[in-house]
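A.B. asks: For what it's worth, our numbering labels the leading residue of the sequence shown as 59, then goes sequentially. We treat Cβ as the ideally placed atom computed from N, Cα and C, and that holds for glycine. Quick one: this structure, given as structure tokens, is what I'll be asking you about.
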Amino acid sequence: MRWVAFPALWVVASLPIFSSETVLPPDELRGHLTEFKLREETLNRRIEENPENLSALSARGDARMFLGNFEGAREDYAKMIELDPTLEVSHWRIGIAYFYLGEFVKAERQFEIYHRYDAVDRENGIWRFMSQTSAQGEEKARKDLLPYEQTDRPPYPWLYEMFQGKIESDEIFQRIEEAGFPRGYEERVRFHADLYVGIYLELVKGDKKAALQHLRNAVANQYGRATGTYMWQVARLHHARLGKSFESAPLNPSR
């Protein structure tokens, strides 16, 4: 998805670690959470001084999202759109906030209108499929998959084929192997593949164990860890959420 830049602040402190987030070394995870919490606190002051500061609202929304405060992120993103309605069509981030709040109909709509802004980005189409599947079921979502005519960056054309039901998830990684990408670029492609294969296996196939492994791979991915992109943060949060579902599952008394 295409990033719309707003200035952000970077700060450091310390926060407790969520027990389910076991992929990253504790100090690395603590550093991320510390940064986001202090960034939020700094941005609170900026927004108090100027409640219509779009860049501060954008950055605080991101900080809140990365802390797992999806409602707080939604509020900041929605305020941005209220202040500047022209932002709505390109604001995929509020769609992701809606998704993790379980507001799948609103998420579906947001990704649908983003398609008017960017009709090339299959990542957006994947989020619309995931939202519509959660709201109306896989059959309806597959029937209503957004159309794409132009090419897209790897692995998204292959991922979209998977969501269309044309190929299995294993074939994506086979194609990555065969593509002969430079090592650094391949790591980037694998990050995106592991993230969306993981969510696909959870959402469509119901295979949470395999999904968790792919999400773990996405979180551990060196490209993701080095860049800390928005979608890497999403991978980290989704992995933590799925991991907690295993922790809270009832014990099987027959074993």
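In the structure shown, what three-state DSSP assignment does Pro-215 receive?
C.D. replies: Pro-215 falls in the helix class under three-state DSSP.
A.B. asks: To the nearest angstrom, report how far apart Glu-260 and Ile-184 are at their CA atoms.
C.D. replies: One C-alpha to the other measures close to 14 Å.
A.B. asks: Which residues mark the beginning and the end of the alpha helix (DSSP H) in which Met-123 is found?
C.D. replies: First-last of the alpha helix (DSSP H) with Met-123: 112-124.
A.B. asks: Considering only the alpha carbon of each residue, which of Asn-127, Leu-270, Phe-249 lies closest to Gly-256?
C.D. replies: Here the closest residue by C-alpha is Leu-270.
A.B. asks: Taking a contact to mean a Cβ-Cβ separation below 8 Å, would you say Arg-248 touches Tyr-218 in this structure?
C.D. replies: No. Outside cutoff.
A.B. asks: Could you tell me whether the region 120-135 touches the region 275-295, using the rule of 3 or more Cβ pairs below 8 Å?
C.D. replies: In short, these stretches touch, since the Cβ pair count reaches three.
A.B. asks: With a Cβ-Cβ cutoff of 8 Å, do Arg-241 and Trp-216 count as a contact?
C.D. replies: No, the pair does not count as a contact, with Cβ atoms beyond the cut-off.
A.B. asks: Going by C-alpha to C-alpha distance, which of Asp-142, Ser-303, Gln-291 sits closest to Glu-110?
C.D. replies: The candidate whose alpha carbon is nearest that of Glu-110 is Asp-142.
A.B. asks: For the alpha helix (DSSP H) that Ser-227 lies in, which residues bound it at each end?
C.D. replies: Per DSSP, Ser-227 belongs to the alpha helix (DSSP H) from 227-237.
A.B. asks: For Glu-129, which option in Asp-85, His-149, Leu-96, Tyr-158 has the closest C-alpha, if you only look at C-alpha atoms?
C.D. replies: Selected option, being the one with the closest Cα: Tyr-158.
A.B. asks: Exposed or buried, Ser-303, counting other C-beta atoms within 10 Å across all chains shown (16 or more means buried)?
C.D. replies: So Ser-303 counts as exposed.
A.B. asks: State the CB to CB distance for the pair Leu-81 and Arg-274, rounded to an integer number of angstroms; the pair is presumed to be in contact (CB under 8 Å).
C.D. replies: Sequence inspection shows Val at residue 81; the Leu mentioned does not correspond to that position. About 5 Å; that satisfies the 8 Å criterion.
A.B. asks: Specify the secondary structure class of Ala-269 as computed by DSSP and reduced to three states.
C.D. replies: Three-state DSSP puts Ala-269 in a helix.
A.B. asks: Could you give the DSSP three-state label for Glu-170: helix, strand or coil?
C.D. replies: Correct three-state label for Glu-170: helix.
A.B. asks: Drop a sphere of 10 angstroms on the beta-carbon of Gln-168, count the other beta-carbons inside from all chains shown, and report buried for 16 or more, exposed for fewer.
C.D. replies: It is buried - the Cβ of Gln-168 has at least 16 other Cβ atoms within 10 Å.
A.B. asks: Pop quiz: Arg-151 and Gly-119 are said to be a contact at Cβ under 8 Å. What is the actual Cβ separation, rounded to whole angstroms?
C.D. replies: About 7 Å separates the two Cβ atoms, so the contact holds.
A.B. asks: For Lys-224, count neighbouring Cβ atoms within 10 angstroms of its own Cβ and tell me buried if that reaches 16, exposed if not.
C.D. replies: When all chains shown are included, Lys-224 counts as exposed.
A.B. asks: How long is the line joining the alpha carbons of His-296 and Ala-199, rounded to whole angstroms?
C.D. replies: Each residue's alpha carbon lies about 21 Å from the other.
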